[in-house]
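Mapping of the sequence shown onto UniProt numbering: position 13 corresponds to residue 13, and the numbering continues sequentially without gaps. Working notes, structure below.
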Amino acid sequence: MENQSIRIRLKAFDYRLIDASAKLIVETVKKTGALIKGPIPLPVKKERTTILISPHKDKDARDQYEIVTYKRLMDIVKPTDKTVDALMKLDLSSGVDVQISLGQ
C-alpha cells in the first residue's frame with residue numbers, strides 16, 4: 001500500500017457541501033499520517049436549459065434554468081492502512097458523489 005496512491009473525486013451541486021466534505025477528508029487523512037495533495041478545484045460545469053413559456057405563440061417568452069456541478073480532486077500519495085480504514089468509516093453528506101480509484 002505504501003507505493004500506491006489513492007485518487008478521490010468529489011462532485012456536488014452545492015459548493016458548500018463539497019468544500020465541507022473535502023475539508024473533512026483532508027483532516028482525516030492528515031490525522032492518519034498520510035500525505036495528501038489537494039483539494040484541487042476542477043472546472044465548473046454549467047448546464048443551461050431554455051423552455052418556452054407560451055404553449056402556442058410568443059417565442060420571446062422563455063425561461064432559462066441552470067444546473068451547476070462543482071468538482072474537487074484529491075490525491076493521497078502515501079496511504080497507510082489506517083488511512084484506508086478511516087476513509088471507509090467516514091460519513092459524508094448525501095449530496096456529494098465520491099469516486100475513489102487506486103493508482104501506481
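Quick reminder that beta carbons are idealized off the backbone N, C-alpha and C, glycines included.
The stretch 63-80 makes contact with the stretch 33-44, as at least three CB pairs between them are under 8 Å. An exposed status is given to T49, since fewer than 16 other beta-carbon atoms sit within 10 Å of its beta-carbon.
Annotated three-state conformation of T28 is helix, per DSSP. If the five residues before and after V98 are omitted, its C-beta is found closer than 7 Å to the C-beta atoms of I8, L10 and L92, all from its own chain and listed in chain order. Counting the other CB atoms within 10 Å of its CB gives Y65 a total below 16, which places it among the exposed residues. Taking the Cα positions, D19 is about 13 Å away from T69. The DSSP assignment places complete beta strand (DSSP E) segments of no fewer than 3 residues inside the stretch 29-65 at 36-52, in order along the chain.
The Cβ atoms of V84 and A12 lie no closer than 7 Å to each other.
Q99 is bridged by DSSP to R9. Non-local beta-carbon contacts of S54 in its own chain, meaning distances under 7 Å to residues more than five positions away in sequence, involve A61 in chain order.
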